[in-house]
Each structure stands twice: as structure tokens, then as C-alpha cells.
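Residue numbers (my numbering), protein chains in the order written: chain C, 1 to 319; chain G, 1001 to 1539. Heads up, the beta-carbon is just placed ideally off N, CA and C, and yes, glycines get one too.
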Amino acid sequence: MSTAPAIEMTGVRKRFGTVLALDGLDLTVAHGEVAGFLGPNGAGKSTAVRVLLGLLRADAGTARLLGGDPWKDAVALHRRLAYVPGDVTLWPSLSGGEAIDLLTRLRGPVDPARRTELLERFELDPTKRSRTYSKGNRQKVALVAALASDVELLILDEPTSGLDPLMEAVFTQCVREATDRGTSVLLSSHILAEVEKLCDTVTIIRAGVAVQSGTLAGLRHLTRSSVRATTSGDPSGLATVPGVHDLTTAPVPAADGAPAATEATFTVDDDRIGDVVQVLGGLGLRHLVTAPPSLEELFLREYGDPAGTGAGTRADDAR
Amino acid sequence: MTTAVGTGLLTRFALRRDRLRIPVWALSLSLLFLYAVTALNAVYPTAADRQVRADLVSSPAAVMMTGPGYGTDDYTLGAMVANEFTLWVVLAAAVMNIVLVVRHTRAEEESGRAELLRAGVVGRRAPGLAALLDAAVANLAVGLACFVLILAGASTVDGSGITVADTAALCLGIALTGMVFAAVASVTSQISEHARTASGAALAVLGVAYLLQAAGDVHVEHGSWVSWLSPVAWTQQTRPYVDLRWWPLALAVALFAALMLLAVRLTARRDLGAGLLPARAGRAQARPGLRGPFALAWRQQWTSVVAWGAGVAVLALASGTFADETGDLEAMVEDNDVAAQVFGGGDLSDAFAAVMVLFMVLGIGGWAVSSVLRARAEEASGRLEPVLAASVSRGRWLGAQLAVTAVGTVVLLVVSGLALGLGEKIGGIDDAVVGRLVLAHLAYVPAIAVLAGVAVALQGALGRFAGLAWALLAYAFVVGLFGALLDLPGWALDLSPYENVPTVADADPDATPLAVLAVVALVLVTAGFAGFRRRDLAA
Chain C
1 MSTAPAIEMT GVRKRFGTVL ALDGLDLTVA HGEVAGFLGP NGAGKSTAVR VLLGLLRADA
61 GTARLLGGDP WKDAVALHRR LAYVPGDVTL WPSLSGGEAI DLLTRLRGPV DPARRTELLE
121 RFELDPTKRS RTYSKGNRQK VALVAALASD VELLILDEPT SGLDPLMEAV FTQCVREATD
181 RGTSVLLSSH ILAEVEKLCD TVTIIRAGVA VQSGTLAGLR HLTRSSVRAT TSGDPSGLAT
241 VPGVHDLTTA PVPAADGAPA ATEATFTVDD DRIGDVVQVL GGLGLRHLVT APPSLEELFL
301 REYGDPAGTG AGTRADDAR
Chain G
1001 MTTAVGTGLL TRFALRRDRL RIPVWALSLS LLFLYAVTAL NAVYPTAADR QVRADLVSSP
1061 AAVMMTGPGY GTDDYTLGAM VANEFTLWVV LAAAVMNIVL VVRHTRAEEE SGRAELLRAG
1121 VVGRRAPGLA ALLDAAVANL AVGLACFVLI LAGASTVDGS GITVADTAAL CLGIALTGMV
1181 FAAVASVTSQ ISEHARTASG AALAVLGVAY LLQAAGDVHV EHGSWVSWLS PVAWTQQTRP
1241 YVDLRWWPLA LAVALFAALM LLAVRLTARR DLGAGLLPAR AGRAQARPGL RGPFALAWRQ
1301 QWTSVVAWGA GVAVLALASG TFADETGDLE AMVEDNDVAA QVFGGGDLSD AFAAVMVLFM
1361 VLGIGGWAVS SVLRARAEEA SGRLEPVLAA SVSRGRWLGA QLAVTAVGTV VLLVVSGLAL
1421 GLGEKIGGID DAVVGRLVLA HLAYVPAIAV LAGVAVALQG ALGRFAGLAW ALLAYAFVVG
1481 LFGALLDLPG WALDLSPYEN VPTVADADPD ATPLAVLAVV ALVLVTAGFA GFRRRDLAA
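Here you go:
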């Protein structure tokens, strides 16, 4: 097969009425790669996925999928990909097994052994009517249908939002097996840990535009820990330590027999945490709390204008 | 009564959701009465004119379409309005109640929204009670609007016989019958997990009630004991504008109370979201045939085709057996020029058959519209998305939906034709030709295609407003049932696709209108396909 990118979007715009959902989005997934697609709720992840599936038509920009046009060549391209939506709705009158068979048959031939194996691994009862399934079980139906076919590209839109941790592990394993067979994967998510486990590259989207993209190693600086330390010495020298960011200090008055101290809060790059702990030790460390930052915190810090204004102003500025 | 906590709030919420629906229903039904009063007065200005009409409505087909026939010996304007319009307003009000109650009870549970509400400070019985209160407000609105507009229409007419008390009884009867069917829907909503089954079962009850009244009224003037079994009949049994009696309305109150108690008891016995009938396990693997969009659409709709087929067969068979009663009419037509004119001077059993066929195909048009609207439900629910993502083109998917609509429609038409013919043979019409009746049904295929085409064009091109196809069907109903009676102008008749179709009573049927209808349908469907290929999918 070709080594052209599995997905290539450049400057894609999509507007719904007054809301600009995609504002010049760039997104590339190389052949055989697992690409994470990160962003908070409402950032435009699902809109981008639906443009790629030819369900929505982009207003501007170009989108290429497996070397074809996602709108014009939808039918031919869909034979070569499988899709798992974040919110799975199934046909109430069909059983889970029937829904799986229908969805896979619509795409092409399927390996019944793999279907059986996946049903066992995901512990899914295929005889239950679709309407009696929980959200997680509906998601399993879509996952089994997608993973049972041999495809070149998997498009997964928040596929684990309803799965328990055990099933999430099964999912991770299944995606790894698929990539071993050479399948490219676009994994949209807002769970940073899941993306870290699986992905080679990451694109972060906010208010319809890619704000960061690159290899996971290259984006390591995004995954800083936040630190709160109380020291008897003056911690302001920390600002000069490499890897320390956003340092603020506040005096802690003496109370309950404890002498006065200073509390420092800052963030630190993960690979520098050892140096920082050494410096803190020299300052008379009394108390230390570190926490890995959540994705939302990252957004707040890195792209810190208040949520909500972003999309609005961008829509007004748009041509 | 903690099980009813939250009823007030839920009722206000339901009314908020129905703030457009209820006024539209109330206005449509009351305007029909207003129009009836003014138009009938213009078309039948003298007592002699009305008497001719009174003789006509004693034919079995007319009795099936009107009611027990009170006041036909002195056919005042009031008697005429009550005899010829009440049945349809009662049936429409019943449908309104079924739709409203199922929408606020079982449909909410099926969608999972009820769970969110019931987790709040809301008692087990509150949603059901709120739905009934919502329906009560709707019935009150319908009753009051009819009351006001009938009296307003009659105020300009001398000697109409339309009094305040009689009008009050008529409108109260309509509202109370509405409540009876609201309670019927409350009960059927408990039985199955699916909203569609709940409304289907309630509509089946309504169909049986209609048939009982029709059977009783056809066999005995002013109705036999069989008529009295039907809640649909009780409003007309108050004999408004003829010889008013109030007590039949007590039957409606009693039945409503009994059904409501039953619904409340059933609610208390079951889990949220569950039906009284247990859910069965499904197949672990799909049958080999379930492999394309047509198979999927058929799988979703075949039960509806079977259920409708059974209903259509029973209705057509029963109607067919009434055809032999036309014999009494033959003599009258020979003596009466006006009557002969109305029936076109042709064979009376053919005229009867033409009316019955129209009645059946209007109903089947309803199935066709609801079938096309399944496409909307598939898209809105998000179920279309995985199908299109799995290598099915938009055209192929929409084509498959419409193919199921077409197959279902033709099946229902053929079943109706066969059953009507069989009914006529059982009823003693020896020269009934079953094949001709089937053909007469199939002649309506282009008209139904136009109806479906309107829904396809709106859904395909815009992704919304497809429900307007119901408005066209309602219009076709009014024109079909009252067009001749109200002496509507030709263009108003032609606007209904059904009026252009030649009937079995036509001596010299012309196929040109069928071709025109087919072209119109084709244009509408093509527009729908073209739009659907171009637009964004609705979420």
C-alpha cells in the first residue's frame, strides 16, 4: 500500500450557523501511526471526525483520507476504515450480535473467528437486545464491529468513555494488535493518560484549531507536574532552576509552635523533578505535594484565555 | 400520596413542550366545525335541500362515515353538523390524546429522559398523572374552541337548531371521549417497552371502537347495542341538536375512571423502563440476509407492515360486508334526481366501493408517511452515522428506506383490495370483482407517492419539516370526506393528490392524472435525493 498520510487536513473550516466549529484545522496522521487527537469538550474533535467520514462537508480547506476525498469518495474509502463513535446508538429491535454482523457486513468480508474472540475478550453478551445495553456495552458493540474487520484505518472518537478500567486495558491491547498489523489509528480523546499509553503523535485542538502537534516526546513539556512546597529558606531562587515554571511564593506565618515559612507553588517538567527536589532539600523542606496536571489544567495554563470567549471571537474574526 | 409528588411541575413542563401542539389541534378541529356550519348553511340553504342530503346519508357507506343518523327526519343545520362531523372530530381528538400521552410517558422512558426526571423529587405516578393532566388541558382547549366557534358560526343563521346546551353536550362529549383514549394510551404505555407499540395498541383499540360503532349503526338506525360498546359512539348518542340527553356522557366518565385506575395500578407494579411483557433474548448472530440497508430497513418495519395489514384487512373486510345494504338505496335514487346526481347515476355498489377505497387509501397514506419519517428518526438518533461510515452511499441508504415504504404500501393496498372484495362477496354482492377492487386501490400508488415525496423532499433537502406531509394527508382527508358535501371549489379539490385518481365508479377512467401525479412524485423524490447527497448530516 501507499505510504501517503492516512489523514491529512489543512486549513479545514466548518461553521454551524453562528458557531465556528473548525477554524482552519490542520491534522496529519502518518501511515501506520497512532495519532492522538486531544481537546476539551466542544473543541471540535467530533466535527473534525465527521468531516473525515464525509458526514459533514468542510466549508474551506482540504481534507484527504487514505489518499482520497472524504466527501466524494466516501463509499470506497469507508471499505478501508472502521469507526467507533463516542455516543453509540443502536437499533432497538436488533440484538448486539446482529448489530455487529450488520455493521461489519456493510463494509465487507469478516473473520468470524476474530468476532468470537473479540466478544470473549470484551465479555459482551451478543444475544441481548440493543436497548438493554448500558453505554459501555453499546460502545463494546461498536468496538467489536470495528476491530473485527481488517482495515487500514481506525477512527475512534472517545471510544473508552463508557468502559471500565479492565475493558480499557483490553481496548488498549486490541489497538496495539491492530497497529502491529499496520493499521493507522486516529484516537480522539480528552483523557491524557489514554493518549500517552497508545499514541506516537498528538494533536491538541482548542476552539476548532490545532494549538499543538508533534510526537509525544516532543510534547513532553506539556506534561508538567504541579508542585506545592513549604520551606524554611527563601525559595525564590527556584526560578533560575531549569525546568521550573510559573513560580509564586507566599509567606506562611508562624502558628501552633511552627516557625514562619514560605510556600512556593510552581510547575516543573517531568524530567527535571529530581533536580528540583535536590534544591528544595537544601532549602529546609517541610512539606511537599506534587500532582500530575490534568489536561484541563494544561489548557488553562498554556492557552489561558477564559473558556467561551475563544470560539466567539474567532467566529467574529472569521472571513 | 408521595407517589404523586412533582405532578404539578411535570404538568407545567409537559404543557410547555406542547405549547404549539395543543393550540394547533384545538384550532384545526374547531375551525372544521366553524367551516362546516357556515359552508353547510350556504350549500344547503333550505329545509328541502337538507332533506335530500338526509336521505343520502342513510346509505350504509354514509352511515359508516357519519354515525347513528339522529335528526334525519327533520334535518336542521345543527342535526346535520352533529351527524356528519362529530365522528371525525371525536376520532381526531382520540388520536391527539394517544399521541400526547404516549409522548409524555412511554416515549420519555424509552429515550432514558424519564430516568433523569425520576431521579429528582418525583413520585412514581407523577409522570403518568402529568401526562393525563396535559391531555386534560388539551381536551379542554379542543372542547372550548369547538364550543365557541360552533356558536359563533351559528349566530348568523336563523333556525339552525344550534343551542348553547346542545353545543355544550357535543363539545363535552368530544373532550370526555378524548380523556377515555388518553386513559387507554396510559394503559397501553404500561404494557410494552416501546413507544411505537404503545401508540399502535391504543390506535388499534380506537380502530375496534370505530368498527363497533359503524357495525351497530349500519345494521340498526340510531345504533344497535353493539354501537353502545364503543366509546366513540357516546358523544353522538347524546343526540345534540335533536333531542338532547346527557346521560351517555356518564359512560365516558366511568370508563375513564376505570382505565385510569388500571393504569395507576400497572405503573406501581413495574420497573422504570420495563414493560409488563418481558423482553426476549435476541439472536447471537444475524441471519445471513441482514447485510444491507434494505434488509435493515425491512427488519425495522416489517412488524409495522404486518400489524397495519391485519388492521386494514379487518376494516376492509367488515366494510365490504355492509355493501349489500345499498339495495334499499337503489329505489330511492330512481325516484330522486338530486341523489342520482350525487351518485353519478352509476352502480350504487360501485359508488359505495369508491368511498370505501378512498377511506382505506387515506389510511394507508398515513402508513407511507410514517414509514418515510423513519428515515428522519434514523438520522436524528445517530443510527444513520455508523451505516454511512460503513461504506454505504447516501443514495443507496435513502433508496433502501423508500423501497421499504414502496413495498409496504403496495402490500397494504393489495391486502385492502382483496379484503374489501372478499367482504363484498360474503355480504352478498355476487358480481363483486376482487381484481377490480385491487386495481382501484393500486391506482392510488401515484397519489401516495406524492404524499411520500413531500416528506422525502423536505427531509432530504432540508433535514427537517418533513412532518408537514401529515398536514397534506390531513387536508386530503378533509377534502376526501367532506369535499362534495361542502361543495369545495375545483382547485381546492385538486390540491389533494387523492382527488385526481379515477375510482371504480368512473364509467370512463382517465389515466392522465395518474401520469401527472407520478411525474410530481418523481420530481419531489429526485429533489430529496439531490439535497440529501449534498447536505450535512444532522447530529
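Let me know the secondary structure DSSP gives residue i once reduced to three states.
i	result
G:Leu1398	helix
C:Gln173	helix
G:Ser1030	helix
C:Gln212	strand
G:Ser1496	coil
C:Gly11	strand
C:Ala82	strand
C:Leu285	strand
C:Val34	strand
C:Gly24	strand
C:Asp157	strand
C:Val227	strand
C:Lys135	helix
G:Gly1528	helix
G:Leu982	In the structure as shown, chain G begins at 1001 and stops at 1539. Residue 982 of chain G is therefore absent and cannot be evaluated.
G:Ala1201	helix
G:His1194	coil
G:Ala1252	helix
C:Thr127	coil
G:Leu1537	coil
G:Thr1238	helix
G:Ala1263	helix
G:Ala1284	coil
G:Ser1381	helix
G:Thr1167	helix
G:Val1519	helix
Run through chain C and tell me which residues come within less than 9 Å of residue i, C-beta to C-beta.
i	result
G:Gly1282	Ser93, Leu94, Ser95, Gly96, Gly97, Glu98, Pro126, Thr127, Lys128, Arg129 and Ser130
G:His1222	None at all; the shortest Cβ gap to chain C is about 46 Å.
Based on the DSSP output, what are the partners of residue i in its beta bridges?
i	result
C:Phe16	C:Val19
C:Gly68	C:Leu65
G:Ile1022	Paired residues: none, contrary to the question.
G:Ala1351	DSSP output for G:Ala1351 lists no bridge partner at all.
C:Val29	C:Ile7
C:Ala255	C:Ala258
G:Ala1511	Per DSSP, none; premise fails for G:Ala1511.
G:Ser1160	Answer is none; G:Ser1160 lacks a bridge partner.
Specify, as a first and last residue, the run of the alpha helix (DSSP H) that residue i falls within.
i	result
G:Phe1013	Thr1007 to Arg1017
G:Asp1049	Ala1047 to Leu1056
C:Thr398	The requested residue 398 of chain C is not part of the displayed model; chain C covers only 1 to 319.
G:Ser1304	Pro1293 to Thr1321
G:Ser1111	Arg1106 to Ser1111
Going by DSSP, what residue range makes up the beta strand (DSSP E) through residue i?
i	result
C:Glu263	Ala261 to Asp269
C:Leu334	No answer is possible for residue 334 of chain C: the residues shown for chain C start at 1 and end at 319.
C:Thr203	Thr201 to Arg206
C:Ser188	Ser184 to Ser189
What residues of chain C sit near residue i, judged by a beta carbon separation below 7 Å?
i	result
G:Ala1389	Leu53, His78 and Tyr83
Name the chain G residues whose beta carbon is nearer than 9 Å to that of residue i?
i	result
C:Asp87	Gly1382
C:Ala142	Pro1386
Find the residues of chain G that neighbour residue i, judging by a C-beta separation of less than 8 Å, and give them in chain order.
i	result
C:Leu106	Arg1291, Gly1292, Pro1293, Val1387, Ala1390, Ser1391 and Val1392
Residues of chain C with CB closer than 8 Å to the CB of residue i, please, in chain order.
i	result
G:Gln1300	Trp91 and Ser93
G:Gln1285	Gly97, Glu98, Asp101 and Pro126
G:Leu1296	Trp91 and Leu102
Residue i touches chain G at which residues, Cβ-Cβ below 7 Å?
i	result
C:Leu103	Pro1386 and Ala1390
Is there a Cβ from chain D that is less than 8 Å from the Cβ of residue i?
i	result
G:His1194	Checking the listed chains, one finds no chain D in this structure; the protein chains it contains are C and G.
Using a Cβ-Cβ cutoff of 8 Å, what residues of the segment 55-75 of chain C are near chain G? List them in chain order. Leu55, Leu56, Arg57, Ala74 and Val75
If you measure beta-carbon to beta-carbon, which residues of the segment 1454-1469 of chain G are closer than 9 Å to chain C? none
So if I threshold CB-CB distances at 7 Å, which residues from the segment 1380-1405 of chain G count as touching chain C? Ser1381, Gly1382, Arg1383, Glu1385, Pro1386, Val1387, Leu1388, Ala1389, Ala1390, Ser1391, Val1392 and Ser1393
If the cut-off is 8 Å on Cβ atoms, which residues from the segment 248-270 of chain C count as contacting chain G, listed in chain order? none
If the cut-off is 7 Å on Cβ atoms, which residues from the segment 1509-1537 of chain G count as contacting chain C, listed in chain order? Asp1536 and Leu1537
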